[in-house]
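Per numbering that gives the first Met the number 0, the sequence shown starts with residue 0, numbered consecutively. Contents: one structure, followed by commentary.
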Amino acid sequence: MTSSRPTTTTARAPARRPGSGRPRAIWSTRAGAAGGTLAGLAIAATLWSLVVAADVFPRELFPSVAQVFRAGRTMWTEGLLGPDIAASLQRALIGFLIGALAGIAAAIVTASTWLGRRLLQPVLRLLAPVPTIGIVPLAILWFGIGEDSKALVIALGVFVPVWINSHAGFADTPADFLRAARCLGGGRVQTLTRVVLPEAAPDVVAGLRVGAAMAFVLIVVAEMTGTTEGIGYRIYQAQLFSQADRVIFCLIVLGIIGAACDLALATFTTPLTRWAREEH
Numbered sequence: 000m001t002s003s004r005p006t007t008t009t010a011r012a013p014a015r016r017p018g019s020g021r022p023r024a025i026w027s028t029r030a031g032a033a034g035g036t037l038a039g040l041a042i043a044a045t046l047w048s049l050v051v052a053a054d055v056f057p058r059e060l061f062p063s064v065a066q067v068f069r070a071g072r073t074m075w076t077e078g079l080l081g082p083d084i085a086a087s088l089q090r091a092l093i094g095f096l097i098g099a100l101a102g103i104a105a106a107i108v109t110a111s112t113w114l115g116r117r118l119l120q121p122v123l124r125l126l127a128p129v130p131t132i133g134i135v136p137l138a139i140l141w142f143g144i145g146e147d148s149k150a151l152v153i154a155l156g157v158f159v160p161v162w163i164n165s166h167a168g169f170a171d172t173p174a175d176f177l178r179a180a181r182c183l184g185g186g187r188v189q190t191l192t193r194v195v196l197p198e199a200a201p202d203v204v205a206g207l208r209v210g211a212a213m214a215f216v217l218i219v220v221a222e223m224t225g226t227t228e229g230i231g232y233r234i235y236q237a238q239l240f241s242q243a244d245r246v247i248f249c250l251i252v253l254g255i256i257g258a259a260c261d262l263a264l265a266t267f268t269t270p271l272t273r274w275a276r277e278e279h
């Protein structure tokens with residue numbers, strides 16, 4: 000006698016490849032961020048237009064949105080905007096690279112060496128609160144009104160936030176990680192590159208993003224003397240001739256460039272900080 004055992008079939012969901020939904024989630028997040036940005040800009044433009052319509056301020060000092068963009072179109076057709084953007088980007092990039100590299104190097108010294116903690120760190124903490132704008136006259140006296148003084152001003156402004164954030168990241172490396180590296184035979188260089196730098200990457204990236212924003216803040220001050228092109232120079236010239244529409248448009252352009260550079264920096268450094276996001 001044979002007994003038949005009932006057979007049951009269960010429907011199995013198709014296997015999903017790991018990470019297959021990640022691109023869709025990334026694009027969804029970016030689309031939502033772009034939509035929020037556009038909505039915020041629309042609200043700001045509406046509020047601005049309401050203030051203009053109420054005649055609270057003179058039209059020469061508080062131009063309408065249409066006047067601002069007409070001024071920008073005029074600057075573009077005159078051939079001023081393109082060279083100004085290129086010149087400002089070049090100066091900001093040079094100053095940022097110098098300040099960022101110096102800030103990370105100083106943070107490694109102050110966080111990992113006895114002499115750095117005892118000698119260099121107190122000096123840097125005393126100099127950090129000094130406003131960078133106040134160093135402009137000294138930079139001009141030392142290097143003149145050429146490109147060197149502009150690079151120095153921007154580099155010093157970038158150096159401070161990069162050093163502060165990077166030092167905090169390097170100094171906060173868990174002692175257990177350092178002991179484990181020593182027990183496994185890791186030397187000073189291996190511990191720095193394999194343990195300390197990856198652990199401090201989120202703080203270093205935060206300092207770099209703040210430093211990049213500071214570079215575009217200081218470019219306006221740096222370009223007010225000794226140059227004939229640049230967004231800062233154009234703002235200064237428009238202020239002299241009471242052209243508020245051009246001043247506002249240049250500020251908008253500077254904000255867009257700064258936001259684009261911050262987005263590029265965040266995208267470029269994403270692989271360095273992915274572990275921190277996955278951990279949280």
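Glycine residues also receive a C-beta, built at the ideal position from the N, C-alpha and C atoms.
Check your understanding: When the Cα atoms are used, what is the spatial distance from C249 to T73?
Key -> So the alpha carbons of these two residues sit roughly 12 Å apart.
Review point. Going straight from the alpha carbon of T227 to that of F169, what length do you get?
Key: Cα-Cα distance, rounded: 42 Å.
Review point. Based on Cα-Cα distance, which residue from T190, D244 and A221 lies nearest to P57?
Key: Comparing Cα-Cα distances from P57 to each of T190, D244 and A221, the minimum goes to D244.
Practice item. Could you check the C-alpha separation between V246 and V122 for me, to the nearest Å? Key: Cα to Cα, the separation comes out at about 38 Å.
Point to revise | Sufficient close CB pairs (3 or more, under 8 Å) joining the region 139-151 to the region 77-86 | key: With the cut-off at 8 Å, the region 139-151 and the region 77-86 do not touch.
Check your understanding: Counting pairs of Cβ atoms below 8 Å between the region 51-66 and the region 191-209, do you hit three or more?
Key -> Touching, no, given that fewer than three Cβ pairs across the two stretches are closer than 8 Å.
Exercise for review: Classify V108 as buried or exposed, calling it buried when 16 or more other Cβ atoms lie within 10 Å of its own Cβ.
Suggested key: V108 is buried by the Cβ-count criterion.
Exercise for review: Kindly confirm or deny that the region 183-192 and the region 114-132 touch, where touching means at least three C-beta pairs closer than 8 Å.
Suggested key: Note that the region 183-192 does not touch the region 114-132; fewer than 3 beta-carbon pairs, one per stretch, sit closer than 8 Å.
Practice item. Provide the residue span of the alpha helix (DSSP H) that contains Q236, from first to last. Key: Start and end: I230 to L239.
Exercise for review: Find out if the Cβ-Cβ distance for the pair A99, V159 is shorter than 8 Å.
Suggested key: Going by beta carbons, A99 and V159 fall outside the 8 Å limit.
Point to revise | Residue span of the alpha helix (DSSP H) that contains D175, given as start and end | key: Taken as a continuous stretch (DSSP letters only), the alpha helix (DSSP H) holding D175 covers A174 to C182.
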